[in-house]
Amino acid sequence: MLSLQPTTRNPRTLTPNLLPCTIHHNGPLKVSKRYWQPQPSSDDKKTSTAYLRGRKLRGRVVKLPKGYRGYLLQKTERDAVARVDPTTRQGAKRRGLVEEDGDGMEGGDEEEDEVEEVKVMEQKAVFDEMVVWGHEVLPEDGDEYVKGVEEWIALAEAVGDVSHSDW
1 MLSLQPTTRN PRTLTPNLLP CTIHHNGPLK VSKRYWQPQP SSDDKKTSTA
51 YLRGRKLRGR VVKLPKGYRG YLLQKTERDA VARVDPTTRQ GAKRRGLVEE
101 DGDGMEGGDE EEDEVEEVKV MEQKAVFDEM VVWGHEVLPE DGDEYVKGVE
151 EWIALAEAVG DVSHSDW
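The UniProt record's numbering numbers the first residue of the sequence shown as 1 and each following residue consecutively.
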């Protein structure tokens, strides 16, 4: 399980680039010359052209809806402080609300629940737009990344609209 921790300082703002490729590296690079230099289109400032390893890429800006913000997170090796929820079976058992059968095990021969490890995800930056790139052509509304963002936002809105009284 992961715990999201806000940064203690003002997070930097950035614009992530979603590339149509897989890069098998995760972390900083020590490079003497910066090769990623997208050029805005002359006719439309919301589109750009760039070259990656000689291949032409076309990108378009996808803004997040008003009221939404994206976060760049980094997993750490720190453990989060776990809080016991008194409504769980373990909390209920400690309060004497869950009965145990004759052999001392609740519910028969079930084993005790294990404590789940909780690692901290640290906030590194925020964004309100991203650039989605395609090979040679601009990504359309049906692009898997553009569509994925729209679906996640729809899911967030659906979950946010559910009140506890609906359960």
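In this text, a Cβ means the ideal position worked out from N, Cα and C, and glycines have one as well.
Would residue 34 be called buried (16 or more neighbouring beta carbons within 10 Å of its own) or exposed? Along the sequence shown, read from residue 1 onward, the residue named residue 34 stands at position 34. So residue 34 counts as exposed.
What residue does the alpha helix (DSSP H) around residue 154 start on, and which one ends it? For this step, residue 154 is matched to residue 154 along the sequence shown. Boundaries of the alpha helix (DSSP H) harbouring residue 154: 144 to 161, taken from the DSSP string.
Would residue 41 pass as a contact of residue 59 if the rule is Cβ separation under 7 Å? Along the sequence shown, one-based indexing puts residue 41 at 41. Along the sequence shown, one-based indexing puts residue 59 at 59. Not in contact: residue 41 and residue 59 (Cβ atoms no closer than 7 Å).
Rounded C-beta distance between residue 14 and residue 125? I'm assuming under 8 Å. The residue labelled residue 14 in the question sits at position 14 within the sequence shown. The residue labelled residue 125 in the question sits at position 125 within the sequence shown. About 5 Å separates the two Cβ atoms, so the contact holds.
State yes or no: is the C-beta of residue 120 within less than 7 Å of the C-beta of residue 78? Residue numbering aside, residue 120 sits at position 120 when the sequence shown is read from its first letter. Residue numbering aside, residue 78 sits at position 78 when the sequence shown is read from its first letter. Yes, the Cβ-Cβ distance between residue 120 and residue 78 is below 7 Å.
Could you tell me if residue 134 is buried or exposed, where buried requires 16 or more neighbouring beta carbons within 10 angstroms of its beta carbon? Sequence index remark: in the sequence shown, residue 134 carries index 134 (1-based). Under this definition residue 134 is a buried residue.
Hey, how far is the Cα of residue 96 from the Cα of residue 3? Counting from one through the sequence shown, the residue named residue 96 turns up at place 96. Counting from one through the sequence shown, the residue named residue 3 turns up at place 3. Interpretation of residue 96 is limited by its pLDDT of 45, a score under 50 that renders its predicted location unreliable; no figure is taken from the coordinates.
If you measure from the beta carbon of residue 73 to each beta carbon in chain D, is any gap under 7 Å? Reference to chain D is not applicable here, since this structure consists of a single protein chain.
What are the residues that DSSP puts in a beta bridge with residue 59? To locate residue 59, count along the sequence shown from 1; it is residue 59. Bridge pairing for residue 59: 48 and 133 [DSSP].
Is it buried or exposed for residue 65, if we count other Cβ within 10 angstroms and need 16 for buried? In the sequence shown, residue 65 corresponds to position 65, counting from 1. Flag for residue 65 reads exposed.
When DSSP builds the beta bridges, which residues end up paired with residue 79? The residue labelled residue 79 in the question sits at position 79 within the sequence shown. 119.
By the 10 Å Cβ neighbour count, where 16 or more other Cβ atoms means buried, how is residue 143 classified, buried or exposed? For the purposes of this step, residue 143 is taken as the residue at position 143 of the sequence shown. It is buried - the Cβ of residue 143 has at least 16 other Cβ atoms within 10 Å.
At the level of alpha carbons, what is the spacing between residue 141 and residue 53? The count along the sequence shown starts at 1 and reaches residue 141 at position 141. The count along the sequence shown starts at 1 and reaches residue 53 at position 53. Rounded to whole angstroms, residue 141 to residue 53 spans 26 Å at the Cα level.
Just how far apart, CA to CA, sit residue 30 and residue 148? Position 30 of the sequence shown holds residue 30. Position 148 of the sequence shown holds residue 148. Going from the Cα of residue 30 to the Cα of residue 148 covers about 32 Å.
Helix, strand or coil for residue 3, going by three-state DSSP, please let me know. Stepping through the sequence shown from its first residue, residue 3 is reached at position 3. Collapsing the DSSP output to three states places residue 3 in a strand.
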